[in-house]
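Same order as they appear, the protein sequences are chains D and Z. First residue of the first sequence? That's 1 in the numbering used here, and the numbers climb one at a time after it. First residue of the second sequence? That's 1 in the numbering used here, and the numbers climb one at a time after it. For each residue, glycine too, the CB sits at the ideal point set by N, CA and C. For reference, the structure discussed in these notes is given below.
2 protein chains.
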Amino acid sequence: MKNFTYYNPTRIEFGKGKEENIGKYISEYEISKVLIVYGSDRIKKNGLFEKVASSLRNNKITFEELGGVQSNPVLSKVYEGIEIAKKKGIEAVLAIGGGSVLDSVKAIAAGAKYDGDVWDFFTFKTVPTKALKIFDIMTLAATGSEMNNYAVVTNEKTKEKFSFGGPATYPTISIINPELQSTVTKEYLAYSAADIFAHSLDLYFSASYLPEYIAGYIENILNTVIRTTEILLVNSKNYDARGEFAWAATQALNFTTFCGVENNRFDTHFIEHTLSAEYNIAHGAGLSIVVPAWMKWQKNSLPERFERFAEKVFNVKGADAGIESLIKWYTKIGTPVTLKEGNIPEEDIPMLVDKLLIIAKMWRAESLYTKEMITTIFNNAK
Amino acid sequence: MKNFTYYNPTRIEFGKGKEENIGKYISEYEISKVLIVYGSDRIKKNGLFEKVASSLRNNKITFEELGGVQSNPVLSKVYEGIEIAKKKGIEAVLAIGGGSVLDSVKAIAAGAKYDGDVWDFFTFKTVPTKALKIFDIMTLAATGSEMNNYAVVTNEKTKEKFSFGGPATYPTISIINPELQSTVTKEYLAYSAADIFAHSLDLYFSASYLPEYIAGYIENILNTVIRTTEILLVNSKNYDARGEFAWAATQALNFTTFCGVENNRFDTHFIEHTLSAEYNIAHGAGLSIVVPAWMKWQKNSLPERFERFAEKVFNVKGADAGIESLIKWYTKIGTPVTLKEGNIPEEDIPMLVDKLLIIAKMWRAESLYTKEMITTIFNNAK
Numbered sequence: 001m002k003n004f005t006y007y008n009p010t011r012i013e014f015g016k017g018k019e020e021n022i023g024k025y026i027s028e029y030e031i032s033k034v035l036i037v038y039g040s041d042r043i044k045k046n047g048l049f050e051k052v053a054s055s056l057r058n059n060k061i062t063f064e065e066l067g068g069v070q071s072n073p074v075l076s077k078v079y080e081g082i083e084i085a086k087k088k089g090i091e092a093v094l095a096i097g098g099g100s101v102l103d104s105v106k107a108i109a110a111g112a113k114y115d116g117d118v119w120d121f122f123t124f125k126t127v128p129t130k131a132l133k134i135f136d137i138m139t140l141a142a143t144g145s146e147m148n149n150y151a152v153v154t155n156e157k158t159k160e161k162f163s164f165g166g167p168a169t170y171p172t173i174s175i176i177n178p179e180l181q182s183t184v185t186k187e188y189l190a191y192s193a194a195d196i197f198a199h200s201l202d203l204y205f206s207a208s209y210l211p212e213y214i215a216g217y218i219e220n221i222l223n224t225v226i227r228t229t230e231i232l233l234v235n236s237k238n239y240d241a242r243g244e245f246a247w248a249a250t251q252a253l254n255f256t257t258f259c260g261v262e263n264n265r266f267d268t269h270f271i272e273h274t275l276s277a278e279y280n281i282a283h284g285a286g287l288s289i290v291v292p293a294w295m296k297w298q299k300n301s302l303p304e305r306f307e308r309f310a311e312k313v314f315n316v317k318g319a320d321a322g323i324e325s326l327i328k329w330y331t332k333i334g335t336p337v338t339l340k341e342g343n344i345p346e347e348d349i350p351m352l353v354d355k356l357l358i359i360a361k362m363w364r365a366e367s368l369y370t371k372e373m374i375t376t377i378f379n380n381a382k
Numbered sequence: 001m002k003n004f005t006y007y008n009p010t011r012i013e014f015g016k017g018k019e020e021n022i023g024k025y026i027s028e029y030e031i032s033k034v035l036i037v038y039g040s041d042r043i044k045k046n047g048l049f050e051k052v053a054s055s056l057r058n059n060k061i062t063f064e065e066l067g068g069v070q071s072n073p074v075l076s077k078v079y080e081g082i083e084i085a086k087k088k089g090i091e092a093v094l095a096i097g098g099g100s101v102l103d104s105v106k107a108i109a110a111g112a113k114y115d116g117d118v119w120d121f122f123t124f125k126t127v128p129t130k131a132l133k134i135f136d137i138m139t140l141a142a143t144g145s146e147m148n149n150y151a152v153v154t155n156e157k158t159k160e161k162f163s164f165g166g167p168a169t170y171p172t173i174s175i176i177n178p179e180l181q182s183t184v185t186k187e188y189l190a191y192s193a194a195d196i197f198a199h200s201l202d203l204y205f206s207a208s209y210l211p212e213y214i215a216g217y218i219e220n221i222l223n224t225v226i227r228t229t230e231i232l233l234v235n236s237k238n239y240d241a242r243g244e245f246a247w248a249a250t251q252a253l254n255f256t257t258f259c260g261v262e263n264n265r266f267d268t269h270f271i272e273h274t275l276s277a278e279y280n281i282a283h284g285a286g287l288s289i290v291v292p293a294w295m296k297w298q299k300n301s302l303p304e305r306f307e308r309f310a311e312k313v314f315n316v317k318g319a320d321a322g323i324e325s326l327i328k329w330y331t332k333i334g335t336p337v338t339l340k341e342g343n344i345p346e347e348d349i350p351m352l353v354d355k356l357l358i359i360a361k362m363w364r365a366e367s368l369y370t371k372e373m374i375t376t377i378f379n380n381a382k
């Protein structure tokens, strides 16, 4: 067990009807003006927005609103939110949506308390120590953003998809009501499953030391995702499966999987972020292409870990059989496993490699990401 | 998945040498005077006390001290601590020890901010909403007290062993350095393992609804405890095993196992607390007697859960085989499994039953704990 600090102050309110208490929850912090941020108009048509607005009004909380956040959320929308927050004296930001909306909200919350350009946080120029309070109502489970302090945003001008995190950007309260997630399409359910897998496997297959307790903890997350995804693809209204899927997503990136681990890396996310910045492919779809390709590159450095994965997650023998089982499972649930299936031109590989090497240099991670490594991984994804 | 709230603000500082930073950690909260509470003089002889004192002095923190806390900690010692805290203007309480010391500290911290008798918290007269800040350095892993807000104390006059918990009694920072736990005797290691098992099994075998994710999560804790206990009984200095054991202990009672669960009960702890209050038997030893006896009483109401346990934890088939495997394992690691082995006179059973029925009435839990049930469980422990 390596030394670690674990601290996670986010309060989770999980279950049916919890969103109706949002006004009460926010008023516990003596907040009287919030900015509601969301994606499409769907939440206005299905009544969720009005339910939230009514709960806020009942608790004497006024609000501004900002809609139109897209998946692979963009910096220009964050700037819009910061401007509203600064002009209107906003005290807290409330996300209604999935990881993209919440990540935008985290950037808005930190940016509203910063005099410079919020992109400075993403390029490591400075770490935000202050932010407006953050609340969220999750309508999609995947990113785990509801119980961590990280946000990923795309600068659409530079086509850079970068992340930041600081002590001030943990959500204060996250509401997870599985019922609100039951209308997610089968396609996006599969992408979400691939995202949770990537959060887990990036760590599982890169850590130079992985406590056996954590290995078992991650395998339990993966087995839960496999079991509940298969139930939900048949019956999208299965509440318990939807709930377990959502809770597994939260656990996969609330840093409980990091405890005692040594030298874990986030290779597949590092590589995928450039795919979704370049082609606007769904993040989960990009990950199901990159993860098996990366595993093929990585397998020889941790043979026992790969054998364990094969046995504990897919009940097969040997590293290769484990990787093949994962590829088959991705195909079964309907998420792409090759560049071609993701509509990414194979002839773009050299350009993608060059782009990743520039980012690696900026992040001072040249020693981790060599030209040979990235090229091999993309070739594995052909 | 049933509705739940999860919130746990305790910061864990885990690993080698972390105790040397205690002064720095406490000074982050602008605290200048603490009460150090501990058990035996062992921490003075082995240098731990001086290491802590020196770290406090280096950070300009003065301290008072209170030693002599025993296992099954008593109310009179809590009163002593409260008196010192009130008289000397103590701002935070620092526990150095195991669950008994930390539980005493929680009661002192809450009692110091309360004008009435601290025992009022234990008898449900009131819930503490304020407390001095709580810090701890754990020298024994078992109770999970380092990451929850509960405390168990024995009123030695009335022989009542009761608990309380409130929003103010989460530790602010808990230090878990496995090296400090490596001198625990084999006997107490076994009792600790039995305590962690009981925290897990009380819930696992009583919940009327247990999400499969949580079932797998608990089984991973139990398998970790089995594996690491067996390593430590052979080699008490195995750091990684000691670390995983400690972290499993924390996870077993930081309420992560409660998420989404319905109607879980704490039967074996309820029954055992009266044993250790009456006979001053080690809490873990009492639990290894009560748990299998309770499982025999409980098994028919949740047959599939018992079959799953047998398979996932002991790799055997059938409920009875699972219970027998647990009894054998307790015997193997050296913790008692019958009243006789625990030096508890069988002829005391009627008296113990009467006592438990009175407590059940006080806790308004008569419907859960009938005379027949408790008598059957004690008879199963003969």
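The Cβ atoms of Z:Leu102 and Z:Ile36 lie no closer than 8 Å to each other.
Secondary structure of D:Arg265 (DSSP, three-state): coil. Here the segment 13-20 of chain D makes no contact with the segment 156-166 of chain D; the two share fewer than three CB pairs at distances below 8 Å. For Z:Asn58, the enclosing alpha helix (DSSP H) starts and ends at Leu48 to Asn58.
Residue environment for Z:Lys317: exposed (fewer than 16 other C-beta atoms within 10 angstroms of its C-beta). Scanning the segment 116-192 of chain D for uninterrupted beta strand (DSSP E) segments of 3 residues or longer gives 133-138, 150-155, 160-165 and 173-176, listed from N- to C-terminal end. If you draw a straight line from the Cα of Z:Ser276 to the Cα of D:Leu368, it comes to about 56 Å. Listed by position along chain Z, the residues whose Cβ is nearer than 8 Å to that of D:Asn235 form an empty set, because the closest Cβ is around 15 Å away. In the assembly as shown, D:Val234 is an exposed residue. Its beta-carbon has fewer than 16 other beta-carbons within 10 Å.
Distance from the CA atom of Z:Val290 to the CA atom of Z:Tyr150, rounded to whole angstroms, is 21 Å. Between the alpha carbons of D:Tyr239 and D:Phe164 lies a distance of about 33 Å. Ranked by Cα distance from Z:Arg265, the options Z:Ser40, Z:His199 and Z:Glu146 are led by Z:His199. For D:Ala285 against D:Thr335, the beta-carbon gap comes to about 6 Å, under 8 Å, which counts as contact.
Within its own chain, the residues whose Cβ lies closer than 7 Å to the Cβ of D:Ala319, once the five positions on either side in sequence are excluded, are Lys299, Pro303, Phe306, Glu307 and Ala310, listed in chain order. DSSP, read as helix, strand or coil, puts Z:Lys33 in strand. At least 8 Å separates the beta-carbon of Z:Ser100 from that of Z:Asn58. In the DSSP assignment, the residues bridged to Z:Glu13 are D:Thr5 and Z:Ile175. For Z:Ala241, the CB contacts under 6 Å within the same chain, skipping 5 residues up- and downstream, are Thr228, Ile231 and Leu232 in chain order. Below the 8 Å Cβ cutoff, chain D contributes Met1, Pro211, Tyr213, Cys259 and Gly260 as neighbours of Z:Trp247, in chain order. Residues of the segment 11-36 of chain D with a Cβ closer than 9 Å to any Cβ of chain Z, in chain order: Arg11, Ile12, Glu13, Phe14, Gly15, Lys16, Gly17 and Lys18.
Close to D:Phe4, with beta-carbon spacing below 7 Å, are these residues of chain Z in chain order: Phe14 and Gly15. At a cut-off of 8 Å between beta-carbon atoms, D:Thr375 makes no contact with chain Z. In chain D, no part has a C-beta under 8 Å from the C-beta of Z:Glu179; the shortest such distance is about 11 Å.
Judged by DSSP secondary structure, Z:Val105 falls outside any beta strand (DSSP E) and instead within the alpha helix (DSSP H) spanning Gly99 to Gly111. Residue pairing for Z:Val74: DSSP places it in a beta bridge opposite Z:Thr154. In the DSSP annotation of this structure, the continuous segment of the alpha helix (DSSP H) that includes Z:Leu357 starts and ends at Ile349 to Met362. Chain-order list of chain D residues neighbouring Z:Pro9: Pro9, by C-beta distance under 7 Å. Residues of chain D with a Cβ closer than 8 Å to the Cβ of Z:Arg227 are, in chain order, Glu212.
Burial state of Z:Met138 is buried, judged by a 10 Å Cβ sphere holding 16 or more other Cβ atoms.
In the structure shown, D:Thr62 adopts extended strand secondary structure according to DSSP, grouped into three states.
Bounds of any alpha helix (DSSP H) do not take in D:Asn21, whose DSSP letter is neither H nor E. Less than 8 Å separates the beta-carbon of D:Ile84 from that of D:Ile90.
D:Leu56 is positioned such that its CB atom lies closer than 8 Å to that of D:Gly23.
The beta carbon of Z:Thr224 falls within 8 Å of a beta carbon belonging to chain D, placing the residue at that interface.
For D:Gly47, there are no C-beta contacts with chain Z under 7 Å, since the nearest C-beta of that chain is about 20 Å from it.
Look at the segment 178-206 of chain D: the residues with a C-beta under 9 Å from a C-beta of chain Z are Pro178.
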